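For reference, the structure discussed in these notes is given below.
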Amino acid sequence: MIDVAKAEGEAALWGIPLSDWMELRVRMFGNVDAFGDPEFDDEPDEEWRAQVSHVLVEHKMFTKANRFTECSRYAYTYECEGPERHQLFSPIYCDLRFCPRCGPRQFARLIEKYMPIITSVCSQLKPDFLLREITLTTRNTGSISAHDVKQFNLDVKMTLKALMGSVKGWGAIWCDEVGFNNTNLHAHVLFYGPYISQDALAATWKEISGHEVVYIKKAPRRGNTALIHLLKYVSKPPASDPNLIGLLEVAFHGCRRVHAVGIFYNFAKEDPDNKQSVWTTCPHCGAEITKLPGAIKIEKAILEGRTFVGTKFTARRKEWVN
Amino acid sequence: MAEASQQGNGLYKIWKNPSKPGEPVVYLGEYRPAEGQFLFNARDLRELGFEPGNYTIRAPEGCHHLKLFSKWQEVSIPR
Chain A
167 MIDVAKAEGE AALWGIPLSD WMELRVRMFG NVDAFGDPEF DDEPDEEWRA
217 QVSHVLVEHK MFTKANRFTE CSRYAYTYEC EGPERHQLFS PIYCDLRFCP
267 RCGPRQFARL IEKYMPIITS VCSQLKPDFL LREITLTTRN TGSISAHDVK
317 QFNLDVKMTL KALMGSVKGW GAIWCDEVGF NNTNLHAHVL FYGPYISQDA
367 LAATWKEISG HEVVYIKKAP RRGNTALIHL LKYVSKPPAS DPNLIGLLEV
417 AFHGCRRVHA VGIFYNFAKE DPDNKQSVWT TCPHCGAEIT KLPGAIKIEK
467 AILEGRTFVG TKFTARRKEW VN
Chain B
11 MAEASQQGNG LYKIWKNPSK PGEPVVYLGE YRPAEGQFLF NARDLRELGF
61 EPGNYTIRAP EGCHHLKLFS KWQEVSIPR
């Protein structure tokens, strides 16, 4: 594949546009590998996805397996209703929790959902209330099941409620995480409320969950920094091992990774993807857009000169699970 | 310059092709040919002092003669 920085440097040095640099290469060498060899470059990714899908199939999650394998390979097509009839496309994503392509999109969506309440809380802190970062851990048993995840989330919720008792106005958002390439389930919690001692937190966590290790510290002063720090775990897969990624998808099937309680639950902004896409109208002329039937390969959509319009609302994604 | 270029007398750019795999492409600079000259042969390049080898030449941007001739020319100077 061409080294773009080197190509741009040479083109500038020689006083020619980059397109001429490429033409020159084609003339001299017969071809120019501008985008890499698709067969060669995609192979490791496809193989990795196939292995994840294999685990999903073994657990009879056939639809998820297919979605994971086909993520971003096909696109829905759209046409605007303006006089120019602009042709558009939207990739079909799998939206699975541990997909390396979908993670960053889920991160962006969750930031949009929770940032308003975090900003609001930070702008008018209650007396003696602060944002704190809490980590609640479990013992690593070497395996993880849907039951483990559900019980763990229940324990986190019960622990926070037990600690807060009759306190009003507190809230928390937490994100389930596992250690890299292991099954060490733990929760990163962004907590807003009064002071909690490490000892009280540890004792309550042990009483409710049976686990022992906890951490608590003051969150960064800027709430958005703390929120980004919390949600960054959603943006990247916690394993490179496809077998483990598959098992995590199975374990989290039907369970959210990101949870909110207290004021963060009550006042979180509605999920933006539940309501609309950013692209409700044609990005060229503003006319309404209409979905065309079927789906085509993503490379065909690009070669046809269609404009990328991000993710569009689909029936399946009425209910995002994160 | 723009006027000269449109007449085909702008600056032609010349590169030496690699003679074996792994060798870099060498940019040799610009050359303004005589008026009315659009095509180059081995003798032209020899007269300019180039050694045997393969060369690629790009015509100036916006030359009207590009409708008749290729923007790119390959010239080989034999040993």
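Chains A and B supply the protein sequences, listed in that same order.
For the first sequence, the numbering used here begins at 167 and goes up steadily by one.
For the second sequence, the numbering used here begins at 11 and goes up steadily by one.
All C-beta atoms in this analysis are idealised placements derived from N, C-alpha and C, irrespective of residue type, glycine included.
On a predicted model such as this, the values are computed, not experimentally measured, just so you know.
Helix, strand or coil at residue i according to DSSP, with G and I counted as helix
| i | result |
| --- | --- |
| M11/B | Residue confidence for M11/B is low, a pLDDT of 36 falling below 50, so the modelled location carries little weight and cannot support an answer. |
| V192/A | helix |
| K316/A | helix |
| W336/A | coil |
| Q47/B | coil |
| Y280/A | helix |
| S406/A | coil |
| G460/A | strand |
| Q442/A | Note that Q442/A scores a pLDDT of 48, beneath 50, so its modelled location is shaky; the value from the coordinates is reported in the next line. Q442/A: coil per DSSP, three-state reduction. |
| T304/A | coil |
| F474/A | strand |
| D186/A | helix |
| L326/A | helix |
| A231/A | helix |
| E71/B | coil |
| V221/A | helix |
| H450/A | coil |
| G428/A | strand |
| I455/A | strand |
| L393/A | helix |
| D211/A | helix |
| F273/A | helix |
| K226/A | coil |
| L294/A | First, the residue type needs correcting, since residue 294/A is Asp and not Leu in the sequence shown. Three-state result, D294/A: coil. |
| Y399/A | helix |
| I411/A | helix |
| D169/A | coil |
| G175/A | helix |
| R53/B | helix |
| L469/A | helix |
DSSP bridge partner residues for residue i (one or two, in chain order)
| i | result |
| --- | --- |
| W127/A | This structure cannot settle anything about residue 127/A, because the visible part of chain A is limited to 167 through 488. |
| P257/A | A241/A |
| S289/A | The partner list for S289/A (beta bridge, DSSP) is empty, contrary to what the question assumes. |
| L356/A | E299/A and I339/A |
| W25/B | Y37/B and T66/B |
| L351/A | V344/A |
| V85/B | Y65/B |
| I382/A | I300/A |
| C246/A | I455/A |
Within chain B, the residues that residue i reaches when beta carbons sit closer than 7 Å
| i | result |
| --- | --- |
| D169/A | Neighbours of D169/A on chain B: none; closest Cβ ~13 Å, over 7 Å. |
| D186/A | R68 |
Contact list for residue i against chain B, beta-carbon separation under 8 Å
| i | result |
| --- | --- |
| N190/A | With the sequence shown as reference, residue 190/A is identified as Leu, and Asn is not the correct amino acid for it. Those within 8 Å of L190/A in chain B are W25, V35, T66, R68 and W82. |
| R193/A | T66, W82 and E84 |
| W214/A | Simply none; closest approach about 32 Å. |
| I182/A | K23 and R68 |
At least 3 beta-carbon pairs within less than 8 Å: the region 359-366 of chain A vs the region 222-242 of chain A: No contact exists between the region 359-366 of chain A and the region 222-242 of chain A.
When you compare the region 315-331 of chain A with the region 399-410 of chain A, are there three or more beta-carbon pairs, one atom per stretch, that lie closer than 8 Å? As far as the Cβ criterion goes, the region 315-331 of chain A does not touch the region 399-410 of chain A, which means the pair count is below three.
Three-pair Cβ contact test at 8 Å for the region 292-303 of chain A versus the region 371-382 of chain A: Output reads yes: the region 371-382 of chain A touches the region 292-303 of chain A.
Is there contact here, the region 283-290 of chain A with the region 385-393 of chain A, by at least three beta-carbon pairs under 8 Å? By the Cβ rule, the region 283-290 of chain A counts as touching the region 385-393 of chain A, because three or more pairs are nearer than 8 Å.
Indicate whether the contact test is met: 3 or more Cβ pairs, each with one atom in the region 28-35 of chain B and one in the region 463-476 of chain A, closer than 8 Å. Not touching, per the Cβ criterion.
Hey, is the region 266-279 of chain A in contact with the region 392-404 of chain A, meaning 3+ C-beta pairs nearer than 8 Å? The count of Cβ pairs closer than 8 Å, one atom from the region 266-279 of chain A and one from the region 392-404 of chain A, reaches three, so the stretches are in contact.
Assess, as a yes-or-no matter, whether the region 336-355 of chain A is touched by the region 240-259 of chain A under the definition of 3 or more beta carbon pairs within less than 8 Å. Touching, no, given that fewer than three Cβ pairs across the two stretches are closer than 8 Å.
Cβ contact (3+ pairs, closer than 8 Å) linking the region 313-322 of chain A and the region 417-428 of chain A: Below 8 Å, enough C-beta pairs join the region 313-322 of chain A and the region 417-428 of chain A to call them touching: three or more.
Does the region 45-65 of chain B come into contact with the region 211-228 of chain A, if we say contact requires no fewer than three beta-carbon pairs (one atom in each stretch) closer than 8 Å? Note that the region 45-65 of chain B does not touch the region 211-228 of chain A; fewer than 3 beta-carbon pairs, one per stretch, sit closer than 8 Å.
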